[in-house]
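Respectively, the protein sequence lines represent chains F and R.
Going by our numbering, the final residue of the first sequence carries number 268, and the count climbs one at a time with no gaps.
Going by our numbering, the final residue of the second sequence carries number 536, and the count climbs one at a time with no gaps.
Report on one structure; see the data block that follows.
There are 2 protein chains.
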Amino acid sequence: MPNSSSPIGVFDSGIGGLSVVKALTERLPNENYIYLGDTARVPYGTKTKSTITRFSIQDTRFLLDRGVKMVVVACNSASSASVDALRSEFDIPIIGVIEPGAQAAVKATNSGVIGVIGTEATVNSQCYHREILKLKPGANVIAKPCPLFVPLVEEGWLNDSITRQVAEKYLTELKDAGVDVLILGCTHYPLLAPLLADVMGKGTTIVDSASSVSAAVESLLAEKGLSNTSTSPGRREFHVTDLPAKVSQIGRMFLGIDDLEIELAEVG
Amino acid sequence: MPNSSSPIGVFDSGIGGLSVVKALTERLPNENYIYLGDTARVPYGTKTKSTITRFSIQDTRFLLDRGVKMVVVACNSASSASVDALRSEFDIPIIGVIEPGAQAAVKATNSGVIGVIGTEATVNSQCYHREILKLKPGANVIAKPCPLFVPLVEEGWLNDSITRQVAEKYLTELKDAGVDVLILGCTHYPLLAPLLADVMGKGTTIVDSASSVSAAVESLLAEKGLSNTSTSPGRREFHVTDLPAKVSQIGRMFLGIDDLEIELAEVG
Numbered sequence: 001m002p003n004s005s006s007p008i009g010v011f012d013s014g015i016g017g018l019s020v021v022k023a024l025t026e027r028l029p030n031e032n033y034i035y036l037g038d039t040a041r042v043p044y045g046t047k048t049k050s051t052i053t054r055f056s057i058q059d060t061r062f063l064l065d066r067g068v069k070m071v072v073v074a075c076n077s078a079s080s081a082s083v084d085a086l087r088s089e090f091d092i093p094i095i096g097v098i099e100p101g102a103q104a105a106v107k108a109t110n111s112g113v114i115g116v117i118g119t120e121a122t123v124n125s126q127c128y129h130r131e132i133l134k135l136k137p138g139a140n141v142i143a144k145p146c147p148l149f150v151p152l153v154e155e156g157w158l159n160d161s162i163t164r165q166v167a168e169k170y171l172t173e174l175k176d177a178g179v180d181v182l183i184l185g186c187t188h189y190p191l192l193a194p195l196l197a198d199v200m201g202k203g204t205t206i207v208d209s210a211s212s213v214s215a216a217v218e219s220l221l222a223e224k225g226l227s228n229t230s231t232s233p234g235r236r237e238f239h240v241t242d243l244p245a246k247v248s249q250i251g252r253m254f255l256g257i258d259d260l261e262i263e264l265a266e267v268g
Numbered sequence: 269m270p271n272s273s274s275p276i277g278v279f280d281s282g283i284g285g286l287s288v289v290k291a292l293t294e295r296l297p298n299e300n301y302i303y304l305g306d307t308a309r310v311p312y313g314t315k316t317k318s319t320i321t322r323f324s325i326q327d328t329r330f331l332l333d334r335g336v337k338m339v340v341v342a343c344n345s346a347s348s349a350s351v352d353a354l355r356s357e358f359d360i361p362i363i364g365v366i367e368p369g370a371q372a373a374v375k376a377t378n379s380g381v382i383g384v385i386g387t388e389a390t391v392n393s394q395c396y397h398r399e400i401l402k403l404k405p406g407a408n409v410i411a412k413p414c415p416l417f418v419p420l421v422e423e424g425w426l427n428d429s430i431t432r433q434v435a436e437k438y439l440t441e442l443k444d445a446g447v448d449v450l451i452l453g454c455t456h457y458p459l460l461a462p463l464l465a466d467v468m469g470k471g472t473t474i475v476d477s478a479s480s481v482s483a484a485v486e487s488l489l490a491e492k493g494l495s496n497t498s499t500s501p502g503r504r505e506f507h508v509t510d511l512p513a514k515v516s517q518i519g520r521m522f523l524g525i526d527d528l529e530i531e532l533a534e535v536g
């Protein structure tokens with residue numbers, strides 16, 4: 001049985017979820033982490049709910065086999081498609097990025113007009129829409145898929161004039177609608193946060209689900225009596241289902257570290 | 269046993285391979301076709317040789333189970349990673365897009381400087397490089413990965429100023445090197461052909477592997493005595509491993525038809 005010193009499992013469709021591991025490690029440095037990135041089947045965001053759920057169940061099983069005490073679904077597409085299915089399939093705490101992101105957005109908005117950007121799967125699922133309306137029934141939620149942002153981040157064009165033009169093209173309708181909070185509904189987007197904040201202008205608060213989910217993980221661990229009481233820094237293990245050179249390179253960019261040891265895993 | 273009236277199998281990592289089906293149908297309208305797009309695991313182009321080969325073997329087996337007389341590997345990444353493995357694993361004619369594309373490029377070049385654009389996997393494999401040097405030992409081959417082109421095509425931004433700027437950024441080094449032939453080493457790129465031709469300028473011939481492979485399929489069928497002698501238009505069957513709404517929409521764009529019936533397949 002997992003106990004408080006067991007690791008926290010984190011999975012994502014690829015390597016973007018490392019932005020969640022980074023935020024978790026900053027907030028909870030004494031916890032141990034096991035990460036799984038399903039890089040052989042990445043991305044999930046263009047695929048259907050049933051396919052994403054099948055993959056997510058396999059990812060969760062991989063983490064459970066390694067004795068994790070909790071699973072964080074770092075991927076927005078997987079969170080929206082499959083958190084409910086995972087909760088009925090497995091018996092440990094499972095937390096996705098949608099609820100914490102929605103809570104942070106509702107807290108931050110004055111106008112009640114909230115923008116959400118993400119993949120096709122996340123936007124089509126209307127998951128943020130539903131969560132926000134539960135918390136703030138009169139809110140106006142405007143969601144927009146931005147499929148070019150992930151490849152732009154992976155090219156490393158974080159502050160390029162082309163990326164700025166793409167952002168302007170995608171975000172115009174959100175600006176025109178008067179949104180005052182923008183939820184970054186994809187783990188790759190935090191790397192574009194400065195540029196997106198600039199395009200949206202001063203009146204807009206950027207909500208990054210990586211930070212919001214870390215706070216939620218901390219509360220849930222405390223509530224369940226599962227917080228690690230160790231006072232020394234935890235271990236981190238990184239697994240991926242396919243390991244091309246670019247994965248390590250982008251992984252280092254996400255974690256902001258120079259060396260990164262990643263193991264190859266078989267899943268599915 | 270397959271015979272001359274058996275269908276031709278075509279597989280791709282996704283739906284881009286429909287550009288190959290379109291070219292094949294134009295050249296060989298009386299053949300029957302079975303298409304498989306592995307949309308649950310798309311793209312292949314960011315993944316390793318061993319993962320791509322594992323997926324390609326599963327895709328080929330799916331087509332063989334449906335009685336095809338030949339397999340066309342429509343995906344450049346799969347062609348470069350796994351055609352050799354498929355030929356040793358299976359006993360029917362297997363044809364990839366690399367050799368026909370290389371042949372067409374060698375025929376078209378005057379300067380001997382040939383440009384290749386494609387995914388990371390295709391470019392890193394140096395597959396076009398090797399094929400071209402077999403045919404023209406003194407050739408200078410310059411290859412450049414263009415990962416943003418696929419999502420730009422899938423957004424439908426075929427003639428957008430952003431796409432033009434991305435093309436200029438990617439292609440400058442090829443232009444500066446004096447290439448007079450540009451191989452479109454990815455099935456999505458033919459939709460950008462007019463824009464790419466314009467960016468490269470008048471002196472450059474564009475080689476589209478979809479057209480080149482159709483000519484090669486015609487010759488190989490004749491050589492093996494497997495050409496369909498029917499005089500009525502053939503049937504086409506389309507299968508994908510995942511079917512989000514966008515797949516049908518982009519599929520229609522690739523085939524240039526208004527209705528498209530696609531079935532869901534289980535592979536892997």
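Just so it is clear, CB atoms sit at the ideal spot from N, CA and C, and this is done for glycine as well.
Residues of chain F with a Cβ closer than 8 Å to the Cβ of Leu354(R) do not exist; the shortest Cβ-Cβ separation is about 19 Å. Cα atoms of Ala308(R) and Asp65(F): separation of roughly 25 Å, rounded to the nearest angstrom.
About 20 Å separates the beta carbons of Glu120(F) and Gly37(F), which is beyond the 8 Å limit, so they are not a contact pair. Glu367(R) has a beta carbon lying at 8 Å or more from every beta carbon in chain F. Spatial neighbours of Pro368(R) in its own chain (CB-CB distance under 7 Å, excluding positions within 5 residues in sequence) are listed in chain order as Ser477, Ser480, Val481, Ala483, Ala484.
Taking C-beta atoms under 8 Å as the contact rule, Val365(R) and Arg504(R) fail to qualify, at a distance of about 19 Å. For the pair Glu173(F) and Phe90(F), the Cα-to-Cα distance works out to about 40 Å. When the beta-carbon positions are compared, Val418(R) and Cys454(R) come within less than 8 Å of each other. DSSP places Lys144(F) inside the beta strand (DSSP E), whose first and last residues are 140-145. With 16 or more neighbouring CB atoms inside 10 Å of its own CB, Met468(R) falls in the buried class. Between the segment 490-502 of chain R and the segment 415-429 of chain R there are fewer than three C-beta pairs closer than 8 Å, too few to call the two in contact. The bridge partners DSSP lists for Arg504(R) are Tyr301(R). Scanning its chain for C-beta atoms nearer than 7 Å, with the 5 sequence neighbours on each side dropped, one finds around Arg432(R) the residues Leu463, Val467, in chain order. DSSP places Met338(R) inside the beta strand (DSSP E), whose first and last residues are 338-341.
Here the segment 105-119 of chain F makes no contact with the segment 256-267 of chain F; the two share fewer than three CB pairs at distances below 8 Å. With respect to Val181(F), Val153(F) sits apart: the two C-beta atoms are not nearer than 8 Å. Interface with chain R (8 Å Cβ-Cβ cutoff): Glu263(F) is excluded. The residue among Lys47(F), Val71(F), Ser125(F) with its C-alpha nearest the C-alpha of Ser80(F) is Ser125(F). In the three-state scheme derived from DSSP, where H, G and I count as helix and E and B as strand, Ile57(F) is classed as helix. Glu261(F) carries a coil assignment under DSSP once its states are collapsed to helix, strand and coil. When Cβ-Cβ separations below 8 Å define contact, Asp510(R) makes contact with chain F. With contact defined as three or more Cβ pairs closer than 8 Å, the segment 51-70 of chain F and the segment 2-16 of chain F are in contact. Put simply, of Gly251(F), Ala85(F), Ser232(F) the residue whose alpha carbon is nearest the alpha carbon of His239(F) is Gly251(F). DSSP places Thr204(F) outside both helix and strand once states are collapsed to three, so it counts as coil. Taking the CA atoms as reference points, Tyr170(F) sits about 45 Å from Thr229(F). Cβ neighbours of Leu135(F) within its own chain (closer than 7 Å, five residues either side excluded): Ala102, Gln103, Val106. Between Pro145(F) and Val123(F), the beta carbon gap of about 4 Å places them in contact (Cβ cut-off 8 Å). Residues of the segment 139-168 of chain F with a C-beta atom less than 9 Å from some C-beta of chain R are Pro147, Leu148, Val150, Pro151, Leu152, Glu154, Glu155, Trp157, Asp160, Ser161, Ile162, Gln165, Val166, listed in chain order.
Contacts with chain F at 8 Å (Cβ-Cβ) do not include Arg520(R).
Interface annotation, Thr172(F): not in contact with chain R, CB-CB separation never under 8 Å.
Rounded to whole angstroms, Ser19(F) and Met521(R) show a C-alpha spacing of 35 Å. DSSP places Phe279(R) in the strand class (E or B) of the three-state scheme.
The three-state reading of DSSP puts Ile362(R) in strand, counting E and B together. Nearest to Val42(F) by alpha-carbon distance, out of Cys75(F), Gly14(F), Pro137(F), is Gly14(F). Residue nearest to Ala513(R) within the set Leu528(R), His456(R), Leu292(R), Ala353(R) is Leu528(R) (criterion: CA-CA distance). As a beta-bridge residue in DSSP terms, Gly453(R) pairs with Gly386(R).
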